[in-house]
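K.L.:
For the sequence shown, our numbering gives the first residue as 6, with consecutive numbering after it.
A single structure is presented below for examination.
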Amino acid sequence: MKFYTNPFRLKPPYQGVEPMTCADAAAAAPFKEGDTVLLKSGGPLMTVVYPASCGGEVQCYWFNASTLETESFPAACLMDGRNCPNPF
Numbered sequence: 006m007k008f009y010t011n012p013f014r015l016k017p018p019y020q021g022v023e024p025m026t027c028a029d030a031a032a033a034a035p036f037k038e039g040d041t042v043l044l045k046s047g048g049p050l051m052t053v054v055y056p057a058s059c060g061g062e063v064q065c066y067w068f069n070a071s072t073l074e075t076e077s078f079p080a081a082c083l084m085d086g087r088n089c090p091n092p093f
């Protein structure tokens, strides 16, 4: 049996790039613990509890009336909420 290699095989796009550790990803995260954020699509102001790590998710807390809510969002879906005139 003869094995052939694929001459059209492309190099992975990450070849030659140093892998990023979880600590590096957390340091480069756009949001830090305690930051106020807002979904780009709107909604209530939220507080960052756990910044993005390897998964890229940011865990946030906010109040819905008197109920504490929590959810994780991709960092790309959030924006800085400090200068938001009307978050709702």
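For glycine and all other residues, C-beta sits at the position ideal for the given N, C-alpha and C.
Between the Cα of T72 and those of L43, P35, P49 and F36, spot the shortest distance and give me the residue it belongs to.
P.N.:
Position 67 of the sequence shown, counting from 1, holds the residue named residue 72. Ranking the options by Cα distance to T72, first place goes to P49.
K.L.:
Reducing DSSP to helix, strand and coil, say where C65 ends up.
P.N.:
Position 60 of the sequence shown, counting from 1, holds the residue named residue 65. Looking at C65 - three-state DSSP - the assignment turns out to be strand.
K.L.:
Starting from E74, trace the beta strand (DSSP E) both ways and give me its first and last residue.
P.N.:
As a first step, residue 74 must be located in the sequence shown, where it is residue number 69. Note, E74: beta strand (DSSP E), T72 to P79.
K.L.:
Quick one: is C82 buried, meaning 16 or more other Cβ sit within 10 Å of its Cβ, or exposed?
P.N.:
Taking the sequence shown and counting its residues from 1, the one referred to as residue 82 is at position 77. Counting Cβ neighbours within 10 Å, C82 comes out exposed, since fewer than 16 surround it.
K.L.:
Given a threshold of 16 other Cβ atoms within 10 Å of its Cβ, counted over all protein chains shown, does V54 qualify as buried or as exposed?
P.N.:
Stepping through the sequence shown from its first residue, residue 54 is reached at position 49. Classification of V54: exposed, given that the 10 Å Cβ count is below 16.
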